[in-house]
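Participant:
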Amino acid sequence: MNVSNTATPTDFISLLDDSNNVIFNMTSDEAAEAVISGDAARVRRIEGQFAIVKKVGQQVFLARSIGRPMRYFLAKQVSGPLLIVAERIDEIYNFLKGMDLHHQFHPSYTRMVPAHYVVRLEVIGCPDPNPVYTRFFEPKRNSLTHDLDEIGKAYIGALANECQKWLMSIPENEPVGVLFSGGIDSGSVFLVLYSLMLKLGMSPQRLKGFTLSVNNGPDAEQAHQFLDQLGLSLFLEVIDVPQSAVNYKEAINVIEDYKSRDLESATMALALCKQLRSLYPEWKYLADGDGGDENLKDYPIAENTELTIRSVLNNMMLYQEGWGVDKIKHSLTYSGGQSRGHVRSYAPCRLHGFKGFSPYALPNVIEVAEGIPFIQLTDWNEESLYALKGEITSRGVKAITGFDMPVFEKRRFQLGAATESTFKQLFPQGEAEYRAYFHSLYVR
1 MNVSNTATPT DFISLLDDSN NVIFNMTSDE AAEAVISGDA ARVRRIEGQF
51 AIVKKVGQQV FLARSIGRPM RYFLAKQVSG PLLIVAERID EIYNFLKGMD
101 LHHQFHPSYT RMVPAHYVVR LEVIGCPDPN PVYTRFFEPK RNSLTHDLDE
151 IGKAYIGALA NECQKWLMSI PENEPVGVLF SGGIDSGSVF LVLYSLMLKL
201 GMSPQRLKGF TLSVNNGPDA EQAHQFLDQL GLSLFLEVID VPQSAVNYKE
251 AINVIEDYKS RDLESATMAL ALCKQLRSLY PEWKYLADGD GGDENLKDYP
301 IAENTELTIR SVLNNMMLYQ EGWGVDKIKH SLTYSGGQSR GHVRSYAPCR
351 LHGFKGFSPY ALPNVIEVAE GIPFIQLTDW NEESLYALKG EITSRGVKAI
401 TGFDMPVFEK RRFQLGAATE STFKQLFPQG EAEYRAYFHS LYVR
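Right, dumping it as structure tokens:
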């Protein structure tokens, strides 16, 4: 916890734990200096997944990547404002309760720092000035050729570079797990990590793919097929979890959100992480494929009535960031896109003491994805868009690892972990119940 000493009484509290950052190329202090520098290019050079806050005088600077959440709340004291920064809503609430300031609180009053921006706040009191947003990540669009082999090599090459940095940062005696469904994203992450371990002279026996199965969900069979085809089935461990251990209300508490798809995914991730912790009390490091769908725009457009293929392909990082901080649809409480939704992966891991890593959500990988000329490759055709992900990723995996990666039909994590009938028993239809339960947690 960081308590500012620049003002008396205290006007700034950070509840962030710097050890939850995964920064590859500089120290925490160097990263913080970049954030307060006013130079967006310096912030862009921070490699990894991070949430950073630093106070200078009456100004507080905050910046984060997709891979780690950070939010803030401005409370009022008799002596002036108090800015509280934390990962979670409940951390802010509990801190306020300890100071007898919780009567000011409502979860919707908290603010999520949007990914890929430096947010500057003035802690000067009423009236509180609006935050100032400075984008530090603005990838160049349509910078790649139309050659799918070249695109795949660049995309998975970027993924491999980030995975190598991560592996090099992990103690050599630590095992490495992948949350693995046998799908394109988790499958490519697994194969890249396996290939890198061989290349770097590391023992591949440290690696394991963990697949969740609730009542014999279809992902277990898919994961077996994926690794069997490559002669790597010895690295698979199916984690069987009873239906009674899957509880969406627990997941709402953990991710502090109610969006249906993110909550369903988080519910399954929570069940998997809980069981993994029971089986492996000392395990620390888990990687996943979260972000792969966002990067290659592989979501069914028809499921979201707000979207068309033109909005998906015309708007930079729409799935990663939502509509953007300057748009009326942007949620101040949650931000948008994966900037909002990544808690589905991060929060379950953190709750159970794992250090999660989502290489597809890193700026260096997203940058390559944004360079893909989607419009030219698809001619505005949705089916052509959905086919691109398997083509690009499999070609890239072949170029970087030598493996002919199996490509199965897309299936969401929550729909693969459990059978269809089980899924319907686990989750209500519609978002209303989720929203009502979340708001019941903070009834005054």
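Sequence positions in the sequence shown follow full-length UniProt numbering and run 1 to 444. The beta-carbon is built from N, C-alpha and C at its ideal position, and this holds for glycine as well.
For isoleucine 255 and valine 343, which I take to be in contact (beta-carbon distance under 8 angstroms), what is that distance rounded to the nearest angstrom?
Facilitator: Walking along the sequence shown from the start, residue 255 turns up at place 255. Walking along the sequence shown from the start, residue 343 turns up at place 343. Right, their Cβ atoms sit about 4 angstroms apart.
Participant: Would phenylalanine 73 pass as a contact of isoleucine 92 if the rule is Cβ separation under 7 angstroms?
Facilitator: Translated into the one-based positions of the sequence shown, residue 73 becomes position 73. Translated into the one-based positions of the sequence shown, residue 92 becomes position 92. Yes; because the gap between Cβ atoms is below 7 angstroms, this pair is in contact.
Participant: Going along the chain, which residues of its own chain have a beta-carbon closer than 7 angstroms to the beta-carbon of asparagine 25, five neighbours each way excluded?
Facilitator: Taking the first residue of the sequence shown as position 1, residue 25 is located at position 25. The answer, listed in chain order, is Glu47.
Participant: Check this for me: beta carbons of leucine 230 and phenylalanine 403, under 7 angstroms apart or not?
Facilitator: Here residue 230 is taken as the residue at index 230 of the sequence shown, counted from 1. Here residue 403 is taken as the residue at index 403 of the sequence shown, counted from 1. In this structure, phenylalanine 403 lies closer than 7 angstroms to leucine 230 by Cβ.
Participant: Name the DSSP beta bridge partners of lysine 208, please?
Facilitator: By 1-based counting over the sequence shown, the position of residue 208 is 208. The partner list for lysine 208 (beta bridge, DSSP) reads Gly177.
Participant: For glutamine 164, collect the residues of the same chain with a Cβ closer than 6 angstroms to its Cβ; drop the 5 residues on either side in sequence, then sort them by chain order.
Facilitator: Locating residue 164 in the sequence shown gives position 164, where the first residue counts as 1. Excluding positions up to five away in sequence, the list reads Leu196.
Participant: Ignore the nearest five residues each way along the sequence and tell me which others in alanine 271's own chain have a CB closer than 6 angstroms to its CB.
Facilitator: By 1-based counting over the sequence shown, the position of residue 271 is 271. Correct list, in chain order: Val241, Ala245, Val246.
Participant: Starting from leucine 62, trace the beta strand (DSSP E) both ways and give me its first and last residue.
Facilitator: Position 62 of the sequence shown holds residue 62. Per DSSP, leucine 62 belongs to the beta strand (DSSP E) from 59-64.
Participant: Given proline 114, which residues of its chain have a CB within under 6 angstroms of its CB, disregarding the five upstream and five downstream residues?
Facilitator: If you number the sequence shown from 1, residue 114 lands on position 114. These residues qualify, in order along the chain: Val325, Ser335, Ser339.
Participant: Residues in its own chain within less than 8 angstroms of methionine 268 by CB, not counting five upstream and five downstream?
Facilitator: Here residue 268 is taken as the residue at index 268 of the sequence shown, counted from 1. Excluding residues within five positions, the ones whose Cβ falls inside 8 angstroms are Leu212, Val214, Val246, Phe413, Gln414, Ala417, Ala418.
Participant: How about alanine 223 and glycine 291: are their beta carbons less than 7 angstroms apart?
Facilitator: As a working mapping, residue 223 is identified with position 223 in the sequence shown. As a working mapping, residue 291 is identified with position 291 in the sequence shown. No, they are not a contact pair.
Participant: Given this structure, state the Cα-to-Cα distance separating glutamate 431 from threonine 333, to the nearest angstrom.
Facilitator: If you number the sequence shown from 1, residue 431 lands on position 431. If you number the sequence shown from 1, residue 333 lands on position 333. Cα-Cα distance, rounded: 17 angstroms.
Participant: Determine the burial state of isoleucine 23: buried for a count of at least 16 other Cβ atoms within 10 Å of its Cβ, exposed for fewer.
Facilitator: Within the sequence shown, the letter at position 23 stands for residue 23. Buried is the call here.
Participant: What residue from Leu15, Phe50, Asp11, Ile13 has the CA that sits closest to threonine 27's CA?
Facilitator: The count along the sequence shown starts at 1 and reaches residue 27 at position 27. Checking every option, the nearest Cα to that of threonine 27 belongs to Phe50.
Participant: Considering only DSSP beta bridges, list what arginine 141 is partnered with.
Facilitator: Against the sequence shown, residue 141 aligns to sequence position 141. Per DSSP, none; premise fails for arginine 141.
Participant: DSSP three-state label for threonine 419, please.
Facilitator: Residue mapping note: residue 419 aligns to position 419 of the sequence shown, counting from 1. In this structure, threonine 419 counts as coil in the three-state DSSP scheme.
Participant: Is the separation between the beta-carbon of aspartate 219 and that of glycine 289 shorter than 7 angstroms?
Facilitator: Within the sequence shown, residue 219 is the residue found at index 219, counting from 1. Within the sequence shown, residue 289 is the residue found at index 289, counting from 1. Not closer than 7 angstroms, so no.
Participant: How big is the Cα-Cα spacing for serine 14 and valine 53?
Facilitator: Start at 1 with the first residue of the sequence shown, and residue 14 comes out as number 14. Start at 1 with the first residue of the sequence shown, and residue 53 comes out as number 53. Taking the straight line from one Cα to the other gives about 8 angstroms.
Participant: To the nearest angstrom, report how far apart alanine 41 and asparagine 21 are at their CA atoms.
Facilitator: By one-based count along the sequence shown, residue 41 stands at place 41. By one-based count along the sequence shown, residue 21 stands at place 21. Going from the Cα of alanine 41 to the Cα of asparagine 21 covers about 20 angstroms.
Participant: Beta-carbon separation of isoleucine 252 and phenylalanine 438 under 7 angstroms?
Facilitator: As a working note, residue 252 is residue 252 in the sequence shown. As a working note, residue 438 is residue 438 in the sequence shown. Yes, Cβ-Cβ distance for isoleucine 252 and phenylalanine 438 is below 7 angstroms.
Participant: Could you check if threonine 145 is buried or exposed, using at least 16 other CB atoms within 10 Å of its CB as the buried criterion?
Facilitator: Counting from one through the sequence shown, the residue named residue 145 turns up at place 145. Exposed.
Participant: Would you please state the rounded distance, in angstroms, between the beta carbons of glutamine 59 and arginine 120? I believe it to be under 8 angstroms.
Facilitator: Taking the sequence shown and counting its residues from 1, the one referred to as residue 59 is at position 59. Taking the sequence shown and counting its residues from 1, the one referred to as residue 120 is at position 120. Right, the Cβ-Cβ distance comes to about 6 angstroms (below 8 angstroms), so this counts as a contact.
Participant: Are glycine 177 and phenylalanine 226 close, meaning C-beta to C-beta below 7 angstroms?
Facilitator: Taking the first residue of the sequence shown as position 1, residue 177 is located at position 177. Taking the first residue of the sequence shown as position 1, residue 226 is located at position 226. It is not a contact, given that the beta carbons lie outside the stated cut-off.
Participant: If we ignore side chains and look at the alpha-carbon of each, how far apart do proline 373 and serine 440 end up?
Facilitator: Here residue 373 corresponds to residue number 373 of the sequence shown, with the count starting at 1. Here residue 440 corresponds to residue number 440 of the sequence shown, with the count starting at 1. Going from the Cα of proline 373 to the Cα of serine 440 covers about 45 angstroms.
Participant: Tell me whether the segment 122-135 and the segment 368-385 touch, counting them as touching only if at least three CB pairs, one residue from each stretch, are closer than 8 angstroms.
Facilitator: The segment 122-135 vs the segment 368-385: no contact.
Participant: Would a C-beta distance cut-off of 7 angstroms place alanine 158 and valine 443 closer than the cut-off?
Facilitator: Residue mapping note: residue 158 aligns to position 158 of the sequence shown, counting from 1. Residue mapping note: residue 443 aligns to position 443 of the sequence shown, counting from 1. It is not a contact, given that the beta carbons lie outside the stated cut-off.
Participant: Have a look at Lys153, Met99, Glu370 and flag the residue whose alpha-carbon is nearest the alpha-carbon of arginine 141.
Facilitator: As a working mapping, residue 141 is identified with position 141 in the sequence shown. The residue with the shortest Cα to Cα distance from arginine 141 is Glu370.
Participant: Would you kindly check if the distance between the Cβ of threonine 393 and the Cβ of serine 188 is under 7 angstroms?
Facilitator: Translated into positions along the sequence shown, residue 188 becomes position 188. Translated into positions along the sequence shown, residue 393 becomes position 393. Yes, the pair counts as a contact, with Cβ atoms nearer than the cut-off.
Participant: With DSSP collapsed to three states, give me the class of glutamine 77.
Facilitator: Translated into the one-based positions of the sequence shown, residue 77 becomes position 77. Three-state result, glutamine 77: strand.
Participant: What residue range does the beta strand (DSSP E) around isoleucine 52 cover?
Facilitator: Position 52 of the sequence shown holds residue 52. 51-56 is the extent of the beta strand (DSSP E) around isoleucine 52.
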